[in-house]
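Here's the structure we're looking at; comments come further down.
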Amino acid sequence: MHKFKLSLLLVLFSGSSVLFAQQSEIYTNSLVDYNKALTLYRDKQYQSAQIIFEKVKQNATNELEADCSYYIANCAIRLNQSNAEEKMEYFVKNYPTSSKQNLAYSEVAMYYFEQGKYPQALEWFDKVDESSLTQDELEKFNFYKGYSFFNSGRKKEASQYFNKVINSKEFGSQAKYYLGFMAYEGDDYKEASKYFDEVSGEEKYKEKLSYFQADMNFKLGKFEEAIKLGKAAMAKSNEIEKSELNKIIGESYFNLKQYDKSISYLKEYKGKKGKWNNTDYYQLGYAYYKQNDYENAITQFNKIIGGNDFVAQNAYYHLGESYLKTDKKQQALNAFKNASEMSFDSKIQEDAYLNYARLSYDIGNSYQSVPDVLNGFMAKYPNNPNKLEIEGLLVNSYITSKNYKEALTLLEKNKSLGAKGAYQKVSFYRGIELFTDGNYKEALAIFKKSIAEQKDAKFSARGTFWKAETEYVLDDFQNALLSFKQFANYPEVKTTDEFKNIDYNIAYSHFKLKEYDQAGNYFERYTEVSRDDKTRLTDAYLRLGDCRFVTSKYNPALEAYDKAISLKTLDADYAAYHKAICYGFMGKNDKKISEFNQFIKNYPKSQYRDDAMFELANTYTSVNDTASAIKTYDTLIEEYKNGNYSAKAILRQGLIYYNGDKDDLALTKFKKVASEFPRTDESLEAVKTARLIYVDKGRVDEYAAWVKTLDYVEVSDAELDNDTWEAAEKQYLQGNTRQAISNLNSYVSGFPNGLHSLKANFYLAESYYKDSQSANSVKHYEFVVSKNRNEYTEQSLTRLCEIFVKKGDYDKAIPVLSRLEVESDFPQNKTYAQANLMKAYYEGKDYAKAVVYADKVLENPKTDDKIKSDAQIIIARSAIKVGDEVKAKESYAKLLKIAKGELAAEALYYDAYFKNKESKFEASNTVVQKLAKDYSGYKYFGAKGLIVMAKNFYGLKDSFQATYILESVIKNFQEFSDVVAEAQTDLNAIKAEEAKTNSSVK
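Position one of the sequence shown corresponds to residue 1 (full-length UniProt numbering), numbered consecutively onward.
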């Protein structure tokens, strides 16, 4: 609002002269006091004047009383007394014939006008009798009342009064100025120009009119004139006006497409109340864009947040172009996507969509699958001249996007797109994905679909190989063997990665089918051509040795085991152990004894050490070196107190003593077995052999007394016990599972502490397990593990663990897994126990113990990558849960080196997350882009990765990218409520900050 400071006369109208009666009272005290008060009033000493007027009024005549009342009210007005208006109303009401009536209204109106209190002034102006005013007084009255309306925002009434004085010599110019200004504000530039032109010759208006005229010419599209007038007005303008003039000149140059000239002026614009809007940012950004200054263009365009109009669409399109020019493809993708979703300009929308589709193919897309983007473009723009290019990209995208699940769905809906082999390739890769994630049955079905296509012989071959791998994992070894051999017969296979190990795979299939001659031949073929993978080569030599051993070809077996040992891998102890066994079967017991003694010395921590000791002791027995045998058994028993061989070793010692006629020593050993290993086969044999000694010595009563201490030996029922057991065992051994369950249940219920109760419970548990009645098997496995360690303990613990883990019943699983870890002889069972304890503790939120077991799993050099990935993810997730981000970062980094599938996606997300925390925004974005391109099928981590990307862009001061990505996450990933909530929180924070400088942000 532009105003002139108006000089007001204190009194608008001439007052009537004070009439003093030519009476003797003129010299009375009252008149003296009245004149004194009047002098004080004129000197603006209102408080003192009011007091004297009050005093005079008390003894005054009617006319003097009226005058005093008038001045008392006037003083009250000027002193801003609360009852001032009441005093003036009192005067008007009680002295209707006073000559000061109209003067009173004018005086009060002028007083409020002078104070800038225009609404109050208008109240008193309305009371003035205009008809009693002279022409000069009326002109002033009309102008001042019009100006009061103007400043009270009542422009219509102001116009009426200004028009009354438009021809006034004194007030006409001012009235025209304000009429012009009101027309200007109402965008009536023709009317405004008319009035402004009429006063433009007057010096006092030139300064203001130049600004208005520049603006009007701009708004009328007269840009050259606007520039000329704007520049002329600049020097005499204040800071606010200079800002507006810079905008007028800059935008005029912009509209004239003189972008180079527009930039310096547009930059100087300060905005409305210190804020720019989206259009302001667009114009400066576009001006930079037209100068090929893409970095500065990006800086302006990316401040346009939440725009949804023609300007925003245009800005986002050119922002995308600027990003492309500076090789910022991810940013360009978001900008083009945004422009493609607006329909204000259909040409820009189509071109933006085309660029969005191309970039999606090029760098990946976290919002939707690349094939979906390309298909969407073709569906919306079937006649686009780039259709053939997009169709080609679409076919390739099924492979490059790695979002095989969605790609497969799209291809199955549109068979023609897969006609050139895309369906076969996509289904193949989808099968690999499912196989990696452990969904073997689904994978097998998909591999069969891929093979059936027969479009690309190489993929037909590879599909056949992975079909075989899947069948092998599913224990269908016969079909696996067939499929592996079919793969080997494809002419194209020699160029595939799968071919290098085909003999190894075929060998193992024969091995699993117990076709050892054929298996051996293929293992041998593999060893002759493969040298790169030392671990696999060692395994092939071991299996070759096993095959030759099983088929009694001991010399070839020894040769194979020797080659395995020479490779010095982790499994050399296995080869050395079986090499000694071979010598035994060859009748070379001295060599066997030598090899086992060497084995015990060379492999002190081998899992086969107890086996070797037992075999060595047995061999000493067979060559009648009983002293060495006893000593070796003693060492075995001492080192492995709770081992599988303890009962057997003690029993063997007893038998040696028995055969050596050392009956008392033999009885000591037999009784030890009977008491410490009850219900085992060894305990039964010990009791049986002890009976022979007692009978032979004639000490039957002593035998009977001892047997009564053994609750599992019931002498009177022994015959019935054995008969019942034999019937049950026969069904079990013949594989008649249902009948075995019936017979074994009869034995267990009839002889709960019978001679064969341990084995009966184990057989019954196994029968239930094989018959898919695992719940019924639990109590029988628990019976076995409740007894002293025996040959069935480890297997029963393993089965119980499998059952409880499968049900997710970790409360029951943990104690059993803990026992299996401690008591297992087979390393794979120990590893299994540790891996599942790790998972159980994590699920139970005992993160400290979860990490302990994860570390144990990782310490095992034989742990495969899948289990290692599980361990690293447990450590990483546990660290995140307890806020230990340093450990989490370290674990996710290790996981990234070995993980596949969803775990790899999670590791990549956290890699980006930690880089963001370290303010490595560009590096973090690179990781998110890799996540989007290579793991688009894992949408949860893709969505979380986008939030990190938004944080990165905001850290890089790219507000558009940050807000657009967050808005897209909220729109596209509603199925992940936690992700949407995080995105919304971040978006609100960013918009609140940006609203401080951009008036378009709401």
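Backbone N, C-alpha and C fix where the C-beta goes; we use that ideal spot for every residue, glycine too.
9 Å Cβ cutoff met for D771 and I803: no
Under the three-state DSSP convention, the category N998 falls into: strand
A888 versus I875 - alpha carbon distance: 7 Å
Close beta carbons around K938, own chain, < 7 Å, minus the five adjacent residues each side: Inspection of the sequence shows that residue 938 is occupied by Tyr rather than by Lys. If we look at Y938 and ignore the five residues flanking it on each side, its Cβ neighbours are E902 and A905.
Limits of the alpha helix (DSSP H) - the one that L537 falls within: K534 to V550
Three CB pairs or more closer than 8 Å across the region 113–122 and the region 146–156: yes
Distance, I72 Cα to G250 Cα: Rounded to the nearest angstrom, the gap between the Cα atoms of G250 and I72 is 60 Å.
Validate contact between the region 911–922 and the region 950–959 using beta carbons, cut 8 Å, 3 pairs: yes
Pick from I451, K290, K231 and V980 that is closest to L319, judged by C-alpha positions: Of all alpha-carbon atoms in I451, K290, K231 and V980, the one lying nearest the alpha-carbon of L319 is that of K290.
Residue burial classification, F171 (beta-carbon count within 10 angstroms, cutoff 16): buried
Per-residue burial, L103 [other beta carbons within 10 Å of its own, 16 or more giving buried]: Around the C-beta of L103, 16 or more other C-beta atoms lie within 10 Å, and the residue is accordingly described as buried.
Member of K455, F336 and T464 whose CA lies at the smallest distance from the CA of G431: T464
Unbroken stretches of the alpha helix (DSSP H), 4 residues or longer, contained in the region 676–704: 681–697
Burial state of K991, where buried means 16 or more other Cβ atoms lie within 10 Å: buried
Neighbour-count burial assignment, T97, 16 or more Cβ in a 10 Å radius: exposed
Delimiting residues of the alpha helix (DSSP H) encompassing W124: In this chain, the alpha helix (DSSP H) harbouring W124 covers Y118 to F125.
Between the CA atoms of C801 and I867 - distance to the nearest angstrom: 17 Å
Pairwise C-alpha distance: A37 and Y27: For Y27, the predicted model reports a pLDDT of 39, less than 50, meaning its position is unreliable and no value from the coordinates is stated.
Span of the alpha helix (DSSP H), counted from its first residue to its last, around L220: Careful: L220 lies outside any alpha helix (DSSP H) and carries neither H nor E.
Any beta strand (DSSP E) of 3 or more consecutive residues that is wholly inside the region 915–973: none
Beta-carbon proximity check, D855 vs A871, cutoff 9 Å: yes
Cα-Cα separation between Y940 and R525, rounded to whole angstroms: 46 Å
Opposing strand residues paired with W276 [DSSP bridges]: Note: W276 sits in a beta bridge opposite N998.
Cβ separation of N916 and V948, assumed to be a contact under 8 Å, to the nearest whole Å: Indeed, because the Cβ distance is near 5 Å, the residues count as touching under 8 Å.
Beta-carbon proximity list for K448, same chain, < 6 Å, skipping 5 on both sides: Excluding residues within five positions, none has a Cβ falling inside 6 Å.
Alpha helix (DSSP H) segment containing H578, residue limits: A572 to F585
Exposed unless 16 or more other CB atoms sit within 10 angstroms - verdict on P678: buried
Integer-rounded CB distance, given that F435 should sit under 8 Å from A443: 4 Å
Burial state of G942 (16 or more Cβ within 10 Å): buried
L482 versus K900 - alpha carbon distance: 29 Å
When Y184, F596 and N624 are compared against E615, the one with the closest alpha-carbon: F596
Same chain, Cβ closer than 6 Å to L284, neighbours up to 5 away in sequence not counted: Same-chain partners within the cutoff: L266 and Q300.
Boundaries (first-last residue) of the alpha helix (DSSP H) holding S818: Y810 to E823
Per-residue burial, S891 [other beta carbons within 10 Å of its own, 16 or more giving buried]: buried
Span separating the alpha-carbon of N589 from that of T619: Those two C-alpha atoms are separated by around 7 Å.
At least 3 beta-carbon pairs within less than 8 Å: the region 732–748 vs the region 696–712: no
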